[in-house]
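Following: one structure in structure tokens, then a few remarks.
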Amino acid sequence: MKKSNKRANGYRGIWYYNQPSHDEYVYKYSGGLATYCAKHIPMAWYSKESKKTFFCYGGRKRYRNRLLHMVSYFDHETGTVPRPTILLDKKTSDAHDNPTMLIDKDGYIWIFSSSHGTSRPSYIHKSSKPFRVDSFSKIIKTNFSYPQCMYLSDYGFLFLHTKYMNHHRVLSFMRSKNGLKWSDRKLLSHIEKGHYQVTSFHRNKVGTAFNFHPEPGGLNYRTNLYYIETNDFGDTWCNVSGDRLKLPLNSVQNPALIHDYAKENMLVYMKDINFDRQGNPIILYVLSKGYESGPENNPRIWKTAHWNDSTWDISGDITSDSNYDTGCIHIEEDGKWRIIGPTEVGPQPFNPGGEICMWISENNGKRWENIHQMTKNSMYNNTYVRRPMNAKAEFYAFWADGNPRKRSESHLYFCNKAGDKVHKLPSKMRDNSRFHI
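Numbering-wise (the working numbering), the sequence shown opens with residue 36 and increments by one.
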């Protein structure tokens, strides 16, 4: 069914909270979460054919905090954005239902509309025309959470996601050559109460890194670090050394384990995954001593785990003040690693987000230099900095802001590669106008 979609009159992000904490921080996490969460991958994709960065996010109506799935683009040739397209009213304010996207080899834009658990449906939509966001066709209505679909031009769609089973978060995948007909769901890992994962690809390799939720504590006690990959479109899955794995993984100690943080009583928060020029994985995550907000669990330490062909190098000493401070890692052609994230204390300390900084490493994450504080004197915390696939210099990361301690408006931003330009997307636009950045 094809549908002509309405346009919103500006860029406005959803506001969301999770788990009241009954203290000065109000919630376990909250704020302007239009680009939430780190386990929704990707939310932006650069197309060299159209010279546009397409992106999706969790928006809302002007006077009502209800989640709308929004799609738009930045035109690199004209330096403009259009009014964003309203794809779907998700009939909730839960940012776990935020969308993800990809672009196939023919230029069609696919949107994967998530659900938080099984109480609401999930959807896959396809744009009616290549490189256009005017209208979309609904492909399937089903159920999935934390969507992470990778598109491999030699194979098709490898869709990693989470399936809720008896309230456990089970890592799963489906496959499709054309996005129209999908395979049955297969399970990747179900250790104790489940997992959170981050996924990316390098050529025809897809790799995913994840933690696990132990019995009896569950997701508030997430720990350990694991990695698995496939080079044949999911026919076989191996650890980083190439040892074939029997799936689903179901034991805490298994060949995919990178580091046993449970023994150290440390929590693991997944943030991003990328690959070096040789195709070796680099995992970005945050370590914490506890799930509660506040200084008692400081420092929150940003770590990278990098496979160097023989062992995992674990490095990093960047710190911030919330477990839910989330950034992205770029691995660049000249060998530099670049992290963009809210590592400076923001106007609402110890809540998710803060002021955005840009960090550079020229020795594979062993030492980091803060080269720019990109936002200053913000009214609200800046949250969930996301990396576009095939990121182009003019649109290198994007995020939202919001007050984590009470419901507020939320704006969207993007920055350039150098870190010296931060652009705020307009919350109000004239009819049929294009906004010049």
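Note that CB positions come from ideal geometry on N, CA and C, so glycine has one too. Values in this document were obtained by computation on a predicted structure and should not be read as measured data.
Return the first residue and the last residue of the beta strand (DSSP E) that G376 is part of.
-> For the purposes of this step, residue 376 is taken as residue 341 along the sequence shown, with counting starting at 1. Unbroken beta strand (DSSP E) run through G376: W372 to E379.
The beta strand (DSSP E) with T354 in it runs from where to where?
-> Position 319 of the sequence shown, counting from 1, holds the residue named residue 354. It spans W347 to S355 - the beta strand (DSSP E) in which T354 sits, taken as one unbroken run.
Candidates G351, H131, K298 and A244, of which the one nearest T153 by Cα = Residue numbering aside, residue 153 sits at position 118 when the sequence shown is read from its first letter. Of the candidates G351, H131, K298 and A244, the one whose C-alpha sits nearest the C-alpha of T153 is H131.
Whole angstroms is fine: what's the gap from L292's alpha carbon to P156's?
-> Taking the sequence shown and counting its residues from 1, the one referred to as residue 292 is at position 257. Taking the sequence shown and counting its residues from 1, the one referred to as residue 156 is at position 121. Cα to Cα, the separation comes out at about 33 Å.
Enclosing beta strand (DSSP E) for N246 [first to last residue] = Here the question's residue 246 lines up with position 211 in the sequence shown. Start and end: K240 to F247.
So does the stretch 44 to 58 actually touch the stretch 448 to 462, counting three or more Cβ pairs closer than 8 Å?
-> yes
Using the Cα positions of R440 and P423, report the straight-line distance between them to the nearest angstrom.
-> One-based indexing of the sequence shown puts residue 440 at position 405. One-based indexing of the sequence shown puts residue 423 at position 388. Straight-line Cα distance between these residues: approximately 29 Å.
Taking all protein chains shown into account, do 16 or more other C-beta atoms lie within 10 angstroms of the C-beta of G114, making it buried, or fewer, making it exposed?
-> Start at 1 with the first residue of the sequence shown, and residue 114 comes out as number 79. Flag for G114 reads exposed.
K228: buried (16+ other C-beta within 10 angstroms of its C-beta) or exposed?
-> Start at 1 with the first residue of the sequence shown, and residue 228 comes out as number 193. Buried: at least 16 other Cβ atoms inside 10 Å.
Just the C-alpha distance for E368 and H57, rounded to the nearest angstrom, thanks.
-> Indexing the sequence shown from 1 puts residue 368 at position 333. Indexing the sequence shown from 1 puts residue 57 at position 22. The straight-line gap from Cα to Cα measures roughly 47 Å.
State yes or no: is the C-beta of F247 within less than 8 Å of the C-beta of N259?
-> Taking the sequence shown and counting its residues from 1, one reaches residue 247 at position 212. Taking the sequence shown and counting its residues from 1, one reaches residue 259 at position 224. In terms of Cβ geometry, F247 and N259 form a close pair [threshold 8 Å].
Where H341 falls: helix, strand or coil (DSSP) = Indexing the sequence shown from 1 puts residue 341 at position 306. Three-state result, H341: strand.
In the DSSP assignment, find the unbroken beta strand (DSSP E) run with Y361 in it and report its ends.
-> On the sequence shown, position 326 is the one that residue 361 refers to. Correcting the residue type first, residue 361 is Thr in the shown sequence and not Tyr. It is not in any beta strand (DSSP E) - T361 carries neither H nor E in the DSSP assignment.
Integer Cβ distance of I336 from D352, believed to fall under 8 Å = As a first step, residue 336 is located in the sequence shown; it is residue number 301 there, counting from the start. As a first step, residue 352 is located in the sequence shown; it is residue number 317 there, counting from the start. Correct: roughly 7 Å between the Cβ atoms.
Residues of its chain near N285, where Cβ-Cβ distance is below 8 Å and the 5 sequence neighbours each way are ignored | Walking along the sequence shown from the start, residue 285 turns up at place 250. Counting only residues of its own chain and dropping the five nearest sequence neighbours on each side, N285 has a CB closer than 8 Å to the CB of S224, H225 and I226.
From this set, Y359, A432 and E390, which residue's C-alpha is nearest Y64's C-alpha?
-> Mapped onto the sequence shown, residue 64 falls at position 29. When each option's Cα is compared against that of Y64, the closest is Y359.
Between F192 and the rest of its own chain, which residues show a CB-CB distance below 7 Å, the 5 nearest in sequence each way excluded?
-> Translated into the one-based positions of the sequence shown, residue 192 becomes position 157. Taken in chain order, the residues that qualify are C184, Y186, R210, S211 and G214.
Presumed contact (8 Å Cβ cut-off) between G430 and Y60, rounded CB distance | Taking the sequence shown and counting its residues from 1, one reaches residue 430 at position 395. Taking the sequence shown and counting its residues from 1, one reaches residue 60 at position 25. It is worth fixing the name first, because residue 430 is Phe in this sequence and not Gly. Not confirmed; about 32 Å, so no contact.
For D455, which residues from the same chain have a beta carbon less than 6 Å from its beta carbon, with the 5 sequence-adjacent residues on both sides left out?
-> By one-based count along the sequence shown, residue 455 stands at place 420. Closer than 6 Å at Cβ, skipping near neighbours: no residue.
Just the Cα atoms here: how many angstroms apart are W342 and D169?
-> For the purposes of this step, residue 342 is identified with residue 307 of the sequence shown, where counting begins at 1. For the purposes of this step, residue 169 is identified with residue 134 of the sequence shown, where counting begins at 1. In a straight line, the C-alpha of W342 is about 42 Å away from that of D169.
Residue from Y108, N451, R373 and H471 whose Cα sits closest to the Cα of S85 | Within the sequence shown, the letter at position 50 stands for residue 85. Nearest option by C-alpha distance: Y108.
Beta-carbon proximity of G388 to T418, cut-off 8 Å = Along the sequence shown, one-based indexing puts residue 388 at 353. Along the sequence shown, one-based indexing puts residue 418 at 383. Yes, Cβ-Cβ distance for G388 and T418 is below 8 Å.
Which of helix, strand or coil does DSSP assign to D479?
-> Any question about residue 479 goes unanswered here, given that the chain covers just 36 to 472.
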